[in-house]
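Respectively, the protein sequence lines represent chains V and C. No gaps in the numbering here: position 180 of the first sequence is 180 in my numbering, and each next residue is one more. No gaps in the numbering here: position 301 of the second sequence is 509 in my numbering, and each next residue is one more. All residues carry an ideal CB built from backbone N, CA and C; glycine is no exception. Values in this document were obtained by computation on a predicted structure and should not be read as measured data.
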Amino acid sequence: MTKRRIAVVSAGLAKPSSTRMLADRISTATVARLAELGVEVTVDTIELRDTAVDVTNNLLTGFPSPKLEETIETVATADGLIAVTPVFTTSYNGLFKSFFDVLDPQSLNGAPVLIGATAGTPRHSLVLDYALRPLFTYLHAVVVPTGVFAASADWGDAGDRVATLQSRVERAAAEFASLVAVSDRSSQVRDPFELDSGFSPTGSYMID
Amino acid sequence: MTQATTQPQDTRKAMQFGIFSVGDITRNPVTGEEPTDASRLQDVLRIAQHAEEVGLDVFAMGEHHNPPFMPSSPVAINSWLAAKTERLILSTATTLITTNDPVRIAEEYAMLQHLSGGRMDLTLGRGNTGPVYPWFGEDIRQGIPLALEKYALLRRLWREEFVDWSGQFRTPLQGFQSTPRPLDGVPPFVWHGSIRSPEIAEQAAYYGDGFFSNHIFWPAEHTAKMIGYYRQRFEHYGHGTAAQAIVGLGGQAFMRKNSQDAVNEFRPYFNEAPVYGNGPSLEDFTAQTPLTVGSPQQVIDRTLGFREYAGDYQRQLWLMDHAGLPLKTVLEQLDLLGGEVVPVLRKEFAKNRPAGVPDAPTHDNLKAAAAAAALVEKAAEKSAEDVELMEVGS
Numbered sequence: 001m002t003k004r005r006i007a008v009v010s011a012g013l014a015k016p017s018s019t020r021m022l023a024d025r026i027s028t029a030t031v032a033r034l035a036e037l038g039v040e041v042t043v044d045t046i047e048l049r050d051t052a053v054d055v056t057n058n059l060l061t062g063f064p065s066p067k068l069e070e071t072i073e074t075v076a077t078a079d080g081l082i083a084v085t086p087v088f089t090t091s092y093n094g095l096f097k098s099f100f101d102v103l104d105p106q107s108l109n110g111a112p113v114l115i116g117a118t119a120g121t122p123r124h125s126l127v128l129d130y131a132l133r134p135l136f137t138y139l140h141a142v143v144v145p146t147g148v149f150a151a152s153a154d155w156g157d158a159g160d161r162v163a164t165l166q167s168r169v170e171r172a173a174a175e176f177a178s179l180v181a182v183s184d185r186s187s188q189v190r191d192p193f194e195l196d197s198g199f200s201p202t203g204s205y206m207i208d
Numbered sequence: 209m210t211q212a213t214t215q216p217q218d219t220r221k222a223m224q225f226g227i228f229s230v231g232d233i234t235r236n237p238v239t240g241e242e243p244t245d246a247s248r249l250q251d252v253l254r255i256a257q258h259a260e261e262v263g264l265d266v267f268a269m270g271e272h273h274n275p276p277f278m279p280s281s282p283v284a285i286n287s288w289l290a291a292k293t294e295r296l297i298l299s300t301a302t303t304l305i306t307t308n309d310p311v312r313i314a315e316e317y318a319m320l321q322h323l324s325g326g327r328m329d330l331t332l333g334r335g336n337t338g339p340v341y342p343w344f345g346e347d348i349r350q351g352i353p354l355a356l357e358k359y360a361l362l363r364r365l366w367r368e369e370f371v372d373w374s375g376q377f378r379t380p381l382q383g384f385q386s387t388p389r390p391l392d393g394v395p396p397f398v399w400h401g402s403i404r405s406p407e408i409a410e411q412a413a414y415y416g417d418g419f420f421s422n423h424i425f426w427p428a429e430h431t432a433k434m435i436g437y438y439r440q441r442f443e444h445y446g447h448g449t450a451a452q453a454i455v456g457l458g459g460q461a462f463m464r465k466n467s468q469d470a471v472n473e474f475r476p477y478f479n480e481a482p483v484y485g486n487g488p489s490l491e492d493f494t495a496q497t498p499l500t501v502g503s504p505q506q507v508i509d510r511t512l513g514f515r516e517y518a519g520d521y522q523r524q525l526w527l528m529d530h531a532g533l534p535l536k537t538v539l540e541q542l543d544l545l546g547g548e549v550v551p552v553l554r555k556e557f558a559k560n561r562p563a564g565v566p567d568a569p570t571h572d573n574l575k576a577a578a579a580a581a582a583l584v585e586k587a588a589e590k591s592a593e594d595v596e597l598m599e600v601g602s
């Protein structure tokens, strides 16, 4: 059986948080879809809250603590990433952004990413497309077309009854699973000392 | 007074110990006193001279073009110090190869080499302050290519009498002769400094130059990998075995006789220091980086541990005078470093140091090596001539 590993990053601050609930729902649907595709998947779920101080320290010192380094490694070497944040002041929260700020900008090159967000009202739903999607596009990740937004009402019977939260989750998970199934990121051997192909120790090359 | 050691001559040659300073102007968080450019410069000069007085080998001055850092011209500072000291090797931490003109570096440091009687070398670095690049007409995104090309030219200026050159980052040269020519025909020794760029380790290895790892702003396991990479590439390029590569390390310490006194006294400075202040706790930072706050014995033990992951190396420099520490305290730190720490380190590092590990670079041993190489070359020419004569004769 093919094996894959996905990382789930939740930037919810409460414990328990609805952001984590959404993240779990998406990862459960992804695991089920991958199983249908004959892929066995390991899920590493990360609550950014647990590394909040480490993330701030990394911003200040320029290097991660051993604990944060392990978290970063988990995310950067996964076959795919589910990234979910609560909406704070019309965008991803600061912790979510700070975490992606301390990643090496190359570390998510080509990584399949499924984006999700939670907020009190559905009026924030475009945050997926004006905030999260550009962030991951900048990092050269492959963001699946469907993002999942859950407003508070989606957790009760006042949510969308036509395109239900679960149907949105399933649709995004299916798109994500098909990319994760063919991702080889978790088995790649990375050489941190690899030099650019045009590198010459005497100069005579330019970075575009 | 420096203490007598069992092998004072040899241990002093094998490894050099000293201090490096960024020259930051930081408010003393305990007294609230704020140094001025003038007072900080005088303090730095005093600190450097005291380094020699306590028996240290090296003083290295940073180069910065933005307050709150004072030293814009380490070569000027080192020239003054050359006249005031007798044994101290005057180095830099670092000389900005990216934003300086390599022609001026060649000229100014060759001048310093003459003024100091060869008691100098330099550590090249790229600098990490964004606006400094455009202020000097460069682009930070070209940091690595700038360092590579400008150093390639710098080397030639010291090694070739007349240089024809053209490149991407400087106006071309035709028939340019850099003056003064290096002292005794021996170019100044160059260390390449980097925290995390393998390209710079590769460059140092390619030329067989020294590699200086700042060490203090990064966890040791990363420094270990970077030095391992440099050593391996040094061997690859045919300069000797990996163990023979020339390695320097940074360090950072604060000492009192009783370690708890050191912790209590240093903590307010640590908490507001540039770079890591208001971030990780002192305890976390000492665990994650080479910073050691404690007794002289703790500094000895920690420093001896560097060899376990960096191999036998040539130069150990400590950052001792930053974060607003008052002059008197820094001088006391140097007394402990020179009086209690370094004499023990000289002895301990000499133990089990493999015979093939080169001594630390000095003008004298570079001069001797150049003379030996010239003899070998002459002998090779002679034997080639003999072969020719024999062939003619046969």
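Which ranges does the beta strand (DSSP E) cover as unbroken runs of at least 3 residues, wholly within the segment 322–352 of chain C, from first to last along the chain?
330–333
8 Å Cβ cutoff met for A582 (chain C) and A531 (chain C)
no
How would you call H272 (chain C), buried or exposed, if buried means at least 16 neighbouring beta carbons within 10 angstroms?
buried
Would you kindly work out how many angstroms separate the C-alpha atoms of E242 (chain C) and D232 (chain C), rounded to a whole number?
11 Å
Tell me which residue opens and which closes the beta strand (DSSP E) that Q382 (chain C) is part of.
L381 to F384
Where in the segment 147–201 of chain V do unbroken runs of the alpha helix (DSSP H), each at least 4 residues long, occur, reported from the N-terminal end onward?
165–181
Own chain partners of S125 (chain V) with C-beta closer than 6 Å, once the 5 adjacent residues on each side are dropped
F149
Got a sec? Which residues, its chain only, sit under 6 Å from L323 (chain C) by beta carbon, not counting five neighbours each side?
S287 and A290
Residues of its chain near P390 (chain C), where Cβ-Cβ distance is below 7 Å and the 5 sequence neighbours each way are ignored
A318, Q321, W366 and P396
Between the CA atoms of R185 (chain V) and I6 (chain V) - distance to the nearest angstrom
10 Å
For V501 (chain C) and F474 (chain C), what's the separation of their Cα atoms in angstroms?
8 Å
Would you check if the distance between the CB atom of L60 (chain V) and the CB atom of Y484 (chain C) is smaller than 8 Å?
yes
Can you tell me which of the three DSSP states P122 (chain V) falls into?
helix
Sequence-distant residues of its chain with Cβ nearer than 6 Å to E73 (chain V) (five each side left out):
none
Check the Cβ-Cβ distances between P353 (chain C) and every residue of chain V, and say whether any is below 8 Å.
yes
DSSP state of E629 (chain C), grouped into three classes?
For residue 629 (chain C) there is no data in the structure shown, the boundaries of chain C being 209 and 602.
E315 (chain C), DSSP secondary structure in three states:
helix
Alpha carbon of N109 (chain V) to alpha carbon of S591 (chain C), nearest angstrom
59 Å
So the alpha helix (DSSP H) L59 (chain V) belongs to, where does it begin and stop?
A52 to T61
C-beta neighbour in chain V for Q215 (chain C), strict 8 Å
Confidence at Q215 (chain C) is low in this model, with a pLDDT of 42, below 50, so its placement is unreliable and the value that follows should be read with caution. Not closer than 8 Å to any Cβ of chain V, the Cβ of Q215 (chain C) fails to qualify, so no.
If you reduce the DSSP assignment to three classes, tell me which class M209 (chain C) lands in.
The pLDDT assigned to M209 (chain C) is 39, lower than 50, so where the model puts this residue is not dependable; a value taken from the coordinates is nonetheless given after this. Residue state, collapsed to three classes: coil.
Using DSSP with H/G/I as helix, E/B as strand and the rest coil, what is R441 (chain C)?
helix
CB L356 (chain C) to CB Q411 (chain C), shorter than 8 Å?
yes
Range covered by the alpha helix (DSSP H) that runs through H258 (chain C)
D245 to E261
Applying the 10 Å Cβ sphere with the 16-neighbour rule, what's the burial state of Q224 (chain C)?
buried
For F120 (chain V), I'd like the list of residues in its chain whose CB is within less than 6 Å of its CB, leaving aside the five on either flank, ordered along the chain.
Going by the sequence as given, residue 120 (chain V) is Gly instead of Phe. Hits under 6 Å: S152.
The segment 7–26 of chain V touching the segment 39–58 of chain V, judged by at least three CB pairs closer than 8 Å
yes
Residues of its chain near L544 (chain C), where Cβ-Cβ distance is below 7 Å and the 5 sequence neighbours each way are ignored
M463 and P504
Apply the 10 Å Cβ neighbour rule to Y92 (chain V) and answer buried if 16 or more other Cβ atoms are within range, or exposed otherwise.
buried
Cα separation between G62 (chain V) and A141 (chain V)?
23 Å
Please check if any C-beta of chain C sits within less than 8 Å of the C-beta of T51 (chain V).
no
Under 9 Å by beta carbon: chain C residues contacting L195 (chain V):
P406, E407 and E410
Chain V beta carbons: is any one of them nearer than 8 Å to that of A256 (chain C)?
no
So, helix, strand or coil for H400 (chain C), using DSSP?
strand
Would you check if the distance between the CB atom of L362 (chain C) and the CB atom of P427 (chain C) is smaller than 8 Å?
no
Taking all protein chains shown into account, do 16 or more other C-beta atoms lie within 10 angstroms of the C-beta of A577 (chain C), making it buried, or fewer, making it exposed?
exposed
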